[in-house]
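A quick write-up on the structure given underneath.
Numbering (my numbering), first residue to last: 4 to 211.
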């Protein structure tokens with residue numbers, strides 16, 4: 004589990020395309036200090052399993068499903084990424100509950116004169132995004148300032164801009180979106196009690 008508090012900016016130093024996915028090498032001096040084989044590290048919001056650690060770099064495998072759903076499909080050497088280790092049991096809960104399971108990609112649109120940053124997102128995720136609710140963008144825990152159909156806005160403080168990739172994002176760039184997992188569970192649990200309501204992966208029916 005993650006909380007969306009980015010620990011450091013890393014850099015993709017190697018990309019190997021494989022028949023069933025890709026293998027990435029990422030430099031992260033802080034997150035590798037105690038990393039070992041099998042650990043989880045979120046790379047721009049995507050939970051990945053460490054398969055090797057070499058000095059200040061770690062290697063992860065990325066399957067097709069992850070490439071399809073996230074911006075890692077466009078991973079390239081030299082790209083800067085947000086890094087966060089899985090939350091320790093005795094750690095502070097600074098953000099919100101995040102799994103590192105990206106729901107889809109959004110697009111950075113613009114920043115207006117009021118300091119709000121605007122993103123487009125898939126319409127299928129709209130029901131999970133609420134004003135003043137939590138959302139993760141490239142692995143950063145953020146609060147929704149406003150929402151309008153297929154677009155939402157957030158207010159980014161200077162610290163977030165300086166310490167995450169969101170300060171380097173340009174209009175048109177893809178970003179990883181993870182909605183609040185609690186909203187998805189509530190939807191599925193409530194659906195069985197609402198006549199005519201169907202949800203994905205179960206269509207309102209309880210699992211056997």
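We put the beta carbon where it would ideally sit given N, CA and C, even for glycine.
Would you list the residues sitting across from residue 121 in a DSSP beta bridge?
-> Position 118 of the chain shown holds residue 121. BP columns for residue 121 point to 113, 156.
Counting only the same chain and skipping the five closest in sequence on each side, list residues whose C-beta sits under 8 Å from that of residue 13.
-> Working through the chain shown from its first residue, we reach residue 13 at position 10. If you ignore the 5 residues before and after residue 13, its C-beta comes within less than 8 Å of the C-beta of 29, 30, 31, 34, 46, 83, 84, 85, 86, all in its own chain and listed in chain order.
Find the nearest neighbour of residue 49 within the set 59, 64, 193, 58, judged by alpha-carbon distance.
-> Walking along the chain shown from the start, residue 49 turns up at place 46. Residue 64 is the option with its Cα nearest to residue 49.
Helix, strand or coil for residue 197 per DSSP?
-> As a working mapping, residue 197 is identified with position 194 in the chain shown. DSSP places residue 197 in coil when its eight states are reduced to three.
Keeping to the same chain, check which residues put their C-beta closer than 8 Å to that of residue 187; ignore five residues upstream and five downstream.
-> Counting from one through the chain shown, the residue named residue 187 turns up at place 184. Contacts found: 131.
Residue 69 lies in the alpha helix (DSSP H); which residues open and close that run?
-> Indexing the chain shown from 1 puts residue 69 at position 66. Here the alpha helix (DSSP H) through residue 69 covers 67 to 72.
Could you please give me the residues that DSSP links to residue 139 through a beta bridge?
-> Taking the first residue of the chain shown as 1, we reach residue 139 at position 136. In DSSP, residue 139 forms a bridge with 144, 181.
Can you name the start and end residues of the beta strand (DSSP E) that residue 165 belongs to?
-> By 1-based counting over the chain shown, the position of residue 165 is 162. Boundaries around residue 165 are those of the alpha helix (DSSP H), 161 to 166, since no beta strand (DSSP E) includes it.
Looking at the structure shown, is residue 21 part of a helix, part of a strand, or coil, going by DSSP?
-> The residue given as residue 21 occupies position 18 in the chain shown. If DSSP states are grouped into helix, strand and coil, residue 21 belongs with the strands.
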